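From first to last, the protein sequence lines are chains A and B.
Read in order, the letters of the first sequence correspond to residues 0 to 522 in numbering that gives the first Met the number 0.
Read in order, the letters of the second sequence correspond to residues 0 to 352 in numbering that gives the first Met the number 0.
All C-beta atoms, glycine included, are put in the ideal place defined by N, C-alpha and C.
Here the structure is a predicted model, which means the values were calculated and not measured.
Read through the structure below, which is laid out as structure tokens, and then see the notes.
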Amino acid sequence: MESGDDKLNAQSMKVGALSVPLAFMLCFGLYPLATVIWQLLGNSAAAPMMVGARDIAALGLGAGIQAVLSTALAVAVGLPSAYVLSLHSFRGRRLLFALVIVPFILPTVVTGHALRGLIGSAVPQGLGLVLLGHVFVNIAVVVRFVGSALESLDLRYLTQARSLGASRATSWLTIGWPLVRPAIVRAASLVFVYCFSSLGLLLVLGDRSTRTFESEVLREVSLLLDFRGAAAHTFAQMLVVGAALWLGGRSRLPSAAMSGAESPTRLPIGRGWSAFVVVVGAMYVAPFAWLLEQSIAVDGRFSVDYWVTSWTSDSSLAAIAIKSLGLAACVGVVASTVGALAAIAATDMRLRKWSRVVLAPMLFTSATMGLGMLLSYSRAPLEWDRALVPLVVAQSLLVLPIAYATIVSRMDETDDSMQVVAQSLGASASRAFFTAYGRRLISGALSAAGLCAAIACGEYGAASFLSDFQTPTLSVFLMRQLGRPGEASMAIASVIAISLSAIAMLLLGGFERLSKAAQKVRR
Amino acid sequence: MKNFLRFIVGMAAVSLLAACGNTATPSAGGDVTIKLLAHESFVVSDKVLAEFKKETGITVEVVTAGDAGTMVAGAVLAAGNPTADVLFGIDNTLMPNALRGDGIFEEYSSPALADVRDDVQQWTETRVVTPIDYADVCVNVDMKWFAQSGLPVPASIDVLTLPEYKNLLVIEDPAASSPGLAFLLAVHARMGADGEAWWSALKNNGVKVAASWSDAYFNDFTGGGGAGKYPMVVSYATSPVAEYVYAAEPKPTAVSTAVVTEGCFRQIEYAGVLRGTEHPAEARKVVDWMVSKKFQDEVATNMFVFPALKTATIPDEFTKFSGVVSRPGVLPTNDIESAIPTLLEQWNRVMTS
Chain A
0 MESGDDKLNA QSMKVGALSV PLAFMLCFGL YPLATVIWQL LGNSAAAPMM
50 VGARDIAALG LGAGIQAVLS TALAVAVGLP SAYVLSLHSF RGRRLLFALV
100 IVPFILPTVV TGHALRGLIG SAVPQGLGLV LLGHVFVNIA VVVRFVGSAL
150 ESLDLRYLTQ ARSLGASRAT SWLTIGWPLV RPAIVRAASL VFVYCFSSLG
200 LLLVLGDRST RTFESEVLRE VSLLLDFRGA AAHTFAQMLV VGAALWLGGR
250 SRLPSAAMSG AESPTRLPIG RGWSAFVVVV GAMYVAPFAW LLEQSIAVDG
300 RFSVDYWVTS WTSDSSLAAI AIKSLGLAAC VGVVASTVGA LAAIAATDMR
350 LRKWSRVVLA PMLFTSATMG LGMLLSYSRA PLEWDRALVP LVVAQSLLVL
400 PIAYATIVSR MDETDDSMQV VAQSLGASAS RAFFTAYGRR LISGALSAAG
450 LCAAIACGEY GAASFLSDFQ TPTLSVFLMR QLGRPGEASM AIASVIAISL
500 SAIAMLLLGG FERLSKAAQK VRR
Chain B
0 MKNFLRFIVG MAAVSLLAAC GNTATPSAGG DVTIKLLAHE SFVVSDKVLA
50 EFKKETGITV EVVTAGDAGT MVAGAVLAAG NPTADVLFGI DNTLMPNALR
100 GDGIFEEYSS PALADVRDDV QQWTETRVVT PIDYADVCVN VDMKWFAQSG
150 LPVPASIDVL TLPEYKNLLV IEDPAASSPG LAFLLAVHAR MGADGEAWWS
200 ALKNNGVKVA ASWSDAYFND FTGGGGAGKY PMVVSYATSP VAEYVYAAEP
250 KPTAVSTAVV TEGCFRQIEY AGVLRGTEHP AEARKVVDWM VSKKFQDEVA
300 TNMFVFPALK TATIPDEFTK FSGVVSRPGV LPTNDIESAI PTLLEQWNRV
350 MTS
């Protein structure tokens, strides 16, 4: 039995773990946000507020409907994708798993261009195209979260249920569903938040009817100097996003007894699912093919000139890629460490709600966050040398919710009775904790590190504020190309986009391998 | 495992402290570093930076902060306690934002102002900014398309509402894009009170509105390399130059886009010393340097704009391929601030009706 002392020990360990993410959020999240809100509300040069509560509500309703539709569609396509990718074995499974994530990683403007280039004018710009873009980008979220839950499902339970006479549907509903439901809810709440606060995709796929609070804040700040309006929209966004995250976090944990498969058993793929895989595969290869075509078709003939010059010129892609890679790795380490510490605390149900503080970066609009970083860290008293640190911190902050969600969902799949058993056998609190959660914690952290590093490669919002001028990040370099007229610009941008995707996929794949290895290690 | 956890917590705490404590120490005497706040399109060569450092001992650290509008908004929020010493890249349409309240600039304009072109002197009467470069926002046309169709290339924007030019023009949303806003002002400068009727006619003539310049140019414009369907796009008079410069070797002898030179808006970009800088003397030197011949000689090649300095060298490809705008649209200085919100609202009303 757990003695009072051990219980106290376990809790103090978790409180200790929680203190780091809390300090991180306070120092790097709350401080810049408070600074910028303070300045927005108190600035004497601001234009008079031009929006009323009714405008804000109308805009929120429009963006809300868009986000709900986007989420429903992303889940509808994402679930079967997750099912087939996680529980079936087929040639190219790993590649497809990595490909699905690429649109999520690329700067959204680039994904938008690839989609527009592919679809042409078949779908007019506006809500329809925005929904399509959002689904395309966010299937990755569903596949990651639900796929991970499915992989931990022990298929033997299903087989047993069916051998006892349950139908396929019944066995899935009673055994599969309770396990994946929390992952679906969690993924859906994240997708909703991303679509509700979308910006880059709208600039390419949207029209004037598809606005979000993000795009409105940017307009108010940069064009109209309506700072109070921007603050009002920022608050409104916090309310909606906060509510979505709260609902997403309320979902009950899966009953651990159902899970526990250490390495997933995969079924051979049937004909129907093969066709589905081909369709999904084509959907994700097509934008790449388009980008590739842009990069090698020069004046209607085939040429690798753009590839050669981009990788070998003075301000070469190679130098920028190496720097970006290092930067991304730092972001992966910082975000997954802080995320893992919050996830440790989250295993204690009383601390869980506090650990969710690390989701807060999703609440802020990117324009306010960028300005906040600029105002807080570019001048006294917290002036920073603008080498690398501010960008690593800012990007880590942005990806922290993903790191946390990834690790927590991995740990939720653990049967925590192991901890009780270990402790009753005399293990110390932390020893018992690691016996139960250690492998999943480390494997989740590695998986999160890869995902965060990959996202950091393509992150543009913070990078456009904090990137080093002389050697920009890959995403900034890419977006600079897209600002230059001429037929060559899209070609060079495509070279960079493909290179960026390849690097991100390597990071993702590498860390995923480590993560799988960590999970299999027996102690 | 307990040790492992301690290790993780310890490492995280140390790195956090290190990060928090890693604050830049302001340089005491000797060589000074001046922070130059610029928008994301700013380019300067390492060579010119190094020469300036050699001559003056001043290191210029470039700090980019999003697009021009966001950068100015950041400077307004930090007015008096600035995040940098000098700002570059505010344009004539954003100047009212910089002058609100106590303003973001200290009073300083370079003595070199006398050598700056007369037609880019707008706002210099405020004595807080110095013009560095200018560029005209104009309608660009795809010459290949026009040659094939046999349709005459329009000489001015006035004819764009005629039925033969139906469904041929793509513009950018003025509320979301800087060239889009400039074009709105070009129309206002040219047509004044008749502007609203012109926009209404343009809408009925099938004008396409894109949300951003890159979307309009690469996806909708027939000359942008994509599968666009519109042979006319709102872009810059220097866009054909960029097309030539970025073209693959061997360079073409002619470019495929041309510029409609009647109905343009002139964007002038300025530099100024930010109010509250700790190094006003050195900051002024940086502004002087930006309008000096050495800096101005490479402005065109670096940023596809024209130098403000009369004596600056303009590269051959600019004289050869750029549209020559002899009568750019200009709005009276005291008209800009009130005009923009009114025009945006009017445009929105026309386009959604």
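Check: State the DSSP-derived secondary structure class of residue 261 of chain B, mapped to helix, strand or coil.; Outcome: strand
Check: From the beta carbon of residue 274 of chain B, is the nearest beta carbon of chain A less than 8 Å away?; Outcome: no
Check: From the DSSP secondary-structure annotation, give me the bridge partner or partners of residue 137 of chain B.; Outcome: B:234
Check: So, under 8 Å CB-CB, residue 358 of chain A and residue 215 of chain A are touching, yes? Tell me the CB distance rounded to an integer number of Å.; Outcome: That pair is no contact at about 23 Å.
Check: For residue 145 of chain B, return the contacting residues in chain A, with the cut-off set at a CB-CB distance below 7 Å.; Outcome: Within 7 Å Cβ-Cβ: nothing; residue 145 of chain B doesn't reach chain A, min ~17 Å.
Check: Just how far apart, CA to CA, sit residue 361 of chain A and residue 402 of chain A?; Outcome: 12 Å
Check: Using only CA atoms, which one of A:398, A:227, A:423 and A:99 lies nearest to residue 336 of chain A?; Outcome: A:398
Check: Tell me which residues share the same chain as residue 7 of chain B and place their Cβ nearer than 8 Å to its Cβ, disregarding the 5 neighbours each side in the sequence.; Outcome: For residue 7 of chain B, the predicted structure reports a pLDDT of 49, less than 50, and the residue's modelled location is therefore unreliable. The matter cannot be settled from this model.
Check: I'd like to confirm the pairing. Which residues does DSSP put opposite residue 88 of chain A in its beta bridges?; Outcome: A:267
Check: Beta-carbon of residue 297 of chain A versus every beta-carbon of chain B: anything under 8 Å?; Outcome: yes
Check: For a quick check, are the C-beta atoms of residue 224 of chain A and residue 366 of chain A less than 8 Å apart?; Outcome: no
Check: The beta strand (DSSP E) with residue 37 of chain B in it runs from where to where?; Outcome: 31 to 37
Check: Please report how far the alpha carbon of residue 221 of chain A lies from the alpha carbon of residue 72 of chain B, in whole angstroms.; Outcome: 6 Å
Check: Do the stretch 55 to 65 of chain B and the stretch 29 to 38 of chain B touch if we need at least three Cβ pairs shorter than 8 Å?; Outcome: yes
Check: Write down the C-beta distance between residue 290 of chain B and residue 107 of chain B rounded to the nearest angstrom, noting that I regard them as a contact closer than 8 Å.; Outcome: Contact flag wrong, Cβ pair sits at about 12 Å.
Check: Measuring alpha carbon to alpha carbon, tell me which residue in A:29, A:75 and A:327 is nearest residue 458 of chain A.; Outcome: A:327
Check: Verify whether the separation of the beta carbon atoms of residue 142 of chain A and residue 81 of chain A is less than 8 Å.; Outcome: yes
Check: Kindly list the residues whose CB is nearer than 8 Å to the CB of residue 185 of chain A, restricted to its own chain and excluding five residues on each side of it in sequence; keep chain order.; Outcome: 144, 247, 248, 250, 404 and 408
Check: Helix, strand or coil for residue 120 of chain B, going by three-state DSSP, please let me know.; Outcome: coil
Check: Any chance you could list the alpha helix (DSSP H) runs of at least 4 consecutive residues sitting entirely within the stretch 109 to 188 of chain A, in chain order?; Outcome: 126 to 150, 154 to 162 and 167 to 170
Check: Here's a check: name, in chain order, each residue in its chain whose Cβ is nearer than 7 Å to the Cβ of residue 146 of chain A, leaving out the five neighbours to either side.; Outcome: 81, 84 and 85
Check: Which residues in chain A have a C-beta closer than 7 Å to the C-beta of residue 245 of chain B? List them in chain order.; Outcome: 483, 485, 487 and 488
Check: Against residue 347 of chain A, what residues of chain B qualify as contacts under a CB-to-CB distance less than 9 Å, listed in chain order?; Outcome: Here the premise fails: no neighbours, minimum Cβ distance about 14 Å.
Check: Please name the residue in A:49, A:489 and A:71 whose C-alpha comes closest to that of residue 291 of chain A.; Outcome: A:489
Check: Run through chain B and tell me which residues come within less than 8 Å of residue 203 of chain A, C-beta to C-beta.; Outcome: 210, 211, 213, 214 and 218
Check: Under DSSP, the alpha helix (DSSP H) around residue 52 of chain B begins and ends at which residues?; Outcome: 45 to 55
Check: Could you give the DSSP three-state label for residue 269 of chain B: helix, strand or coil?; Outcome: strand
Check: If we cut at 8 Å on Cβ distances, does residue 99 of chain B have a partner in chain A?; Outcome: yes
Check: Taking only three categories from DSSP, how would you classify residue 155 of chain B?; Outcome: strand
Check: Do residue 329 of chain B and residue 121 of chain B have their beta-carbon atoms positioned less than 8 Å apart in this structure?; Outcome: yes
Check: Hey, would you say residue 171 of chain B sits closer than 8 Å to residue 209 of chain B, going by beta carbons?; Outcome: yes
Check: Measuring only between beta-carbons, confirm whether residue 26 of chain B sits less than 8 Å from chain A.; Outcome: Because the pLDDT at residue 26 of chain B is just 42, under 50, the model does not fix this residue reliably, and the point stays unresolved.
Check: Over what stretch of residues does the beta strand (DSSP E) that includes residue 170 of chain B continue unbroken?; Outcome: 168 to 171
Check: Check the Cβ of residue 234 of chain B against every Cβ in chain A and list those closer than 9 Å, keeping chain order.; Outcome: 484
Check: Can you tell me which of B:346, B:94, B:244 and B:343 puts its alpha carbon nearest to the alpha carbon of residue 353 of chain B?; Outcome: Missing from the structure shown is residue 353 of chain B; chain B here goes from 0 to 352 and no further.
Check: Going by DSSP in three states, residue 130 of chain B sits in which element: helix, strand or coil?; Outcome: strand
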